[in-house]
Amino acid sequence: MDWLFFVFAGLAAIWLAYLSLTETFDLGWWGLLFALVFWGLLAYLVLPRLHSILTTIYVPDYFIGRARTSDGLLGDPVNLALMGTGEQITQALEQAGWTKADPITAASAWRIATSTVRRQSYREAPVSPLLLFGRQQDFAYQQEVDGNPAQRHHVRFWECPEGWLLPGGHRVDWLAAGTFDTAVGLSLFTFQVTHRIDANTDIERDYIVETVVDADPRVVVDVIKGFSSGYHARNGGGDTIHTDGDLPIIDVRALPLREEDAPVREGTPR
Amino acid sequence: MTATQGKVPEKRPAFEPAAGLLKPTGYDPRMPRPAATVAGAALVLLRTLGGVIVLAGIAAGWDGLLAAVDSAVEVLTPGPDDRRTGLVLVVAVGSALLLFEAMLAVLIFKGYNWPRVLVMLVATFDISTTFFAWSARGQDISVQNALFSVALDILVLLALSSRSAAAYARRNEQRS
Numbered sequence: 220m221d222w223l224f225f226v227f228a229g230l231a232a233i234w235l236a237y238l239s240l241t242e243t244f245d246l247g248w249w250g251l252l253f254a255l256v257f258w259g260l261l262a263y264l265v266l267p268r269l270h271s272i273l274t275t276i277y278v279p280d281y282f283i284g285r286a287r288t289s290d291g292l293l294g295d296p297v298n299l300a301l302m303g304t305g306e307q308i309t310q311a312l313e314q315a316g317w318t319k320a321d322p323i324t325a326a327s328a329w330r331i332a333t334s335t336v337r338r339q340s341y342r343e344a345p346v347s348p349l350l351l352f353g354r355q356q357d358f359a360y361q362q363e364v365d366g367n368p369a370q371r372h373h374v375r376f377w378e379c380p381e382g383w384l385l386p387g388g389h390r391v392d393w394l395a396a397g398t399f400d401t402a403v404g405l406s407l408f409t410f411q412v413t414h415r416i417d418a419n420t421d422i423e424r425d426y427i428v429e430t431v432v433d434a435d436p437r438v439v440v441d442v443i444k445g446f447s448s449g450y451h452a453r454n455g456g457g458d459t460i461h462t463d464g465d466l467p468i469i470d471v472r473a474l475p476l477r478e479e480d481a482p483v484r485e486g487t488p489r
Numbered sequence: 050m051t052a053t054q055g056k057v058p059e060k061r062p063a064f065e066p067a068a069g070l071l072k073p074t075g076y077d078p079r080m081p082r083p084a085a086t087v088a089g090a091a092l093v094l095l096r097t098l099g100g101v102i103v104l105a106g107i108a109a110g111w112d113g114l115l116a117a118v119d120s121a122v123e124v125l126t127p128g129p130d131d132r133r134t135g136l137v138l139v140v141a142v143g144s145a146l147l148l149f150e151a152m153l154a155v156l157i158f159k160g161y162n163w164p165r166v167l168v169m170l171v172a173t174f175d176i177s178t179t180f181f182a183w184s185a186r187g188q189d190i191s192v193q194n195a196l197f198s199v200a201l202d203i204l205v206l207l208a209l210s211s212r213s214a215a216a217y218a219r220r221n222e223q224r225s
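Protein chains in written order, with this note's numbering: chain A, 220 to 489; chain B, 50 to 225.
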């Protein structure tokens, strides 16, 4: 019965957005307020619900080298693989100058919004949830660029399911998606406020590899050339992306295990 | 060496979901309360508050309301006692319904499923009848009349029908 209400609510929301839109023309200056209400309904309720329904039907649910947004849209390209434990990855990133992102909560979302507007630093700013293997990233790391969260390097990590192999048969422990946030803008698909990303995702991928390798000589890297075909596409916010399709595998297994640094998975009660 | 020897992990098969929307939500008794459940319960409470205001308006303008009904239906000629009894009856029934609705909001917040389904059924009925009146009979829906009420119904339905709210309400259900 749940899916029936899910779909009916989506249709009802379209009608509500239409009613709000027609009201904007009848209320004079108050119409501006209703235009804002219309945008809020469209961006945060109607389009996400429609995307959820449609992408459930047409987007394949198996690994195709792309993360997905919480609405089911294809998100950032999965452009890094890692060998090692979560603790070792955490250690490698932190000694390379990366900062762990806060989990997304009402407080952290408010703080990233105000920090961006006021151009204040927020080194642990949260990143939006992207899904791989049907679940949100286990953790994310970032580097602020210009002293505020509008521009930043960031990378999300997912632990691979037990016994899972990459297409082609390689075994890796973790997958990651790294992209560079260039500015705050509106999503092309939902009109929500979001970060725009740099189209050349390979630059960010190679930057992440370089920082981690430079920080510790025990980290070694292998590359699966042409793991995917090189492609041009759009991410979940509608930004253009292009890649050569190579997949670096960062091996951090030589790093010592430090149990106290074990990352806490987002969404897991502390 | 074969995968069955346990040294090489076997490649996991990739399944296309037949209909992902029909997938039951998972068993997860420790699931934290999602924002959609909190928003849904808050909106139901807001609707209750709207009901309180409407009921207070009816009580305050009771005599005028009866006069309007009198002029429309000439058969009714209630005396002063009948008027008072009618008012008490309307306020009592209205208050009981509003109290019940507030109780549903609390139960939804606590994660029960039946109040969530009941509220969604009522909201679906309300939205459907209003939509029918708007589309077939040309009823005006604007800020001055039913817009806020229908908006609240739709927002309640959107929040409570979301996958996270459904998963939370069904977190204790073990289904194969």
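Beta carbons: idealized from backbone N, C-alpha and C, even for Gly. All figures in this text were calculated on a predicted structure; none of them were measured in a lab.
Are the CB atoms of residue j and residue i within a distance shorter than 8 Å?
{"i": "E150 of chain B", "j": "V93 of chain B", "result": "yes"}
{"i": "N467 of chain A", "j": "V428 of chain A", "result": "In the sequence on display, residue 467 of chain A carries Pro and not Asn. Closer than 8 Å, so yes."}
{"i": "A214 of chain B", "j": "T97 of chain B", "result": "no"}
{"i": "V439 of chain A", "j": "G303 of chain A", "result": "no"}
{"i": "V431 of chain A", "j": "A332 of chain A", "result": "no"}
{"i": "T459 of chain A", "j": "G449 of chain A", "result": "no"}
{"i": "Q362 of chain A", "j": "A344 of chain A", "result": "no"}
{"i": "I443 of chain A", "j": "H389 of chain A", "result": "yes"}
{"i": "H373 of chain A", "j": "V346 of chain A", "result": "yes"}
{"i": "N298 of chain A", "j": "T420 of chain A", "result": "yes"}
{"i": "G229 of chain A", "j": "R287 of chain A", "result": "no"}
{"i": "A254 of chain A", "j": "I203 of chain B", "result": "no"}
{"i": "T173 of chain B", "j": "F352 of chain A", "result": "no"}
Give a yes or no on whether the minimum CB-CB distance between residue i and chain B is below 8 Å.
{"i": "R489 of chain A", "result": "For R489 of chain A, the predicted model reports a pLDDT of 33, less than 50, meaning its position is unreliable; a value from the coordinates is still stated below. So no, R489 of chain A is outside the interface."}
{"i": "D221 of chain A", "result": "yes"}
{"i": "F358 of chain A", "result": "no"}
{"i": "F410 of chain A", "result": "no"}
{"i": "L466 of chain A", "result": "no"}
{"i": "W234 of chain A", "result": "yes"}
{"i": "R268 of chain A", "result": "yes"}
{"i": "D245 of chain A", "result": "yes"}
{"i": "F225 of chain A", "result": "yes"}
Between residue i and the rest of its own chain, which residues show a CB-CB distance below 6 Å, the 5 nearest in sequence each way excluded?
{"i": "G499 of chain A", "result": "Nothing in the structure corresponds to residue 499 of chain A, since chain A is present only between 220 and 489."}
{"i": "R375 of chain A", "result": "L349, Q356, A359 and A396"}
{"i": "D245 of chain A", "result": "none"}
{"i": "W393 of chain A", "result": "L301, F376 and E378"}
{"i": "W183 of chain B", "result": "I190"}
Please name the residue or residues paired with residue i in a DSSP beta bridge.
{"i": "K319 of chain A", "result": "A:Y360"}
{"i": "A396 of chain A", "result": "A:R375"}
{"i": "M302 of chain A", "result": "A:D470"}
{"i": "I283 of chain A", "result": "The partner list for I283 of chain A (beta bridge, DSSP) is empty, contrary to what the question assumes."}
{"i": "L384 of chain A", "result": "A:R390"}
{"i": "H451 of chain A", "result": "A:H461"}
Under a CB-based cut-off of 8 Å, is residue i close to chain A?
{"i": "I157 of chain B", "result": "no"}
{"i": "L70 of chain B", "result": "With a pLDDT of 46 at L70 of chain B, under the threshold of 50, the modelled position of this residue cannot be trusted, and the question is left open."}
{"i": "V192 of chain B", "result": "yes"}
{"i": "T173 of chain B", "result": "yes"}
{"i": "V93 of chain B", "result": "no"}
{"i": "A200 of chain B", "result": "yes"}
{"i": "F180 of chain B", "result": "yes"}
{"i": "L153 of chain B", "result": "no"}
{"i": "Q223 of chain B", "result": "no"}
{"i": "L206 of chain B", "result": "yes"}
Among the options, which residue has its Cα nearest to the Cα of residue i?
{"i": "L206 of chain B", "options": "B:R219, B:L167 and B:I190", "result": "B:L167"}
{"i": "R79 of chain B", "options": "B:A108, B:F197, B:K159 and B:L196", "result": "B:K159"}
{"i": "Y281 of chain A", "options": "A:R354, A:V442 and A:G449", "result": "A:R354"}
{"i": "R132 of chain B", "options": "B:I176, B:W111, B:F181 and B:L146", "result": "B:W111"}
{"i": "D295 of chain A", "options": "A:A418, A:V391 and A:L261", "result": "A:A418"}
{"i": "L266 of chain A", "options": "A:A452, A:F410 and A:F224", "result": "A:F410"}
{"i": "S191 of chain B", "options": "A:W383, A:I276 and A:E242", "result": "A:E242"}
{"i": "E313 of chain A", "options": "A:L292, A:R337, A:T324 and A:R342", "result": "A:R342"}
{"i": "G464 of chain A", "options": "A:I422, A:Y263 and A:V391", "result": "A:I422"}
{"i": "S239 of chain A", "options": "A:G305, A:L252 and A:F227", "result": "A:L252"}
{"i": "W317 of chain A", "options": "A:P380, A:L474, A:A262 and A:V364", "result": "A:V364"}
Who are the near neighbours of residue i in its chain, counting only those whose CB is closer than 7 Å to its CB and skipping five residues on each side?
{"i": "T335 of chain A", "result": "N367, P368, A369 and V403"}
{"i": "L70 of chain B", "result": "Per-residue confidence for L70 of chain B stands at a pLDDT of 46, beneath the threshold of 50, marking its modelled position as unreliable; no derived number is given."}
{"i": "L235 of chain A", "result": "L260"}
{"i": "A108 of chain B", "result": "L136 and V140"}
{"i": "L114 of chain B", "result": "I107"}
{"i": "L273 of chain A", "result": "none"}
{"i": "G291 of chain A", "result": "H270, S271, T274, T275 and V278"}
Say the cut is 7 Å; is the CB of residue i nearer than that to a heavy atom of the ligand ZN?
{"i": "G404 of chain A", "result": "As for the ligand ZN, it is missing from this structure, which has no ligand bound."}
Please return the same chain residues whose Cβ sits closer than 8 Å to the Cβ of residue i, not counting the five positions on each side in sequence.
{"i": "I157 of chain B", "result": "T86, G89, A90, V93, P164, R165, V168, L209 and A218"}
{"i": "V101 of chain B", "result": "L147"}
{"i": "I276 of chain A", "result": "none"}
{"i": "L201 of chain B", "result": "L92, L95, R96 and G99"}
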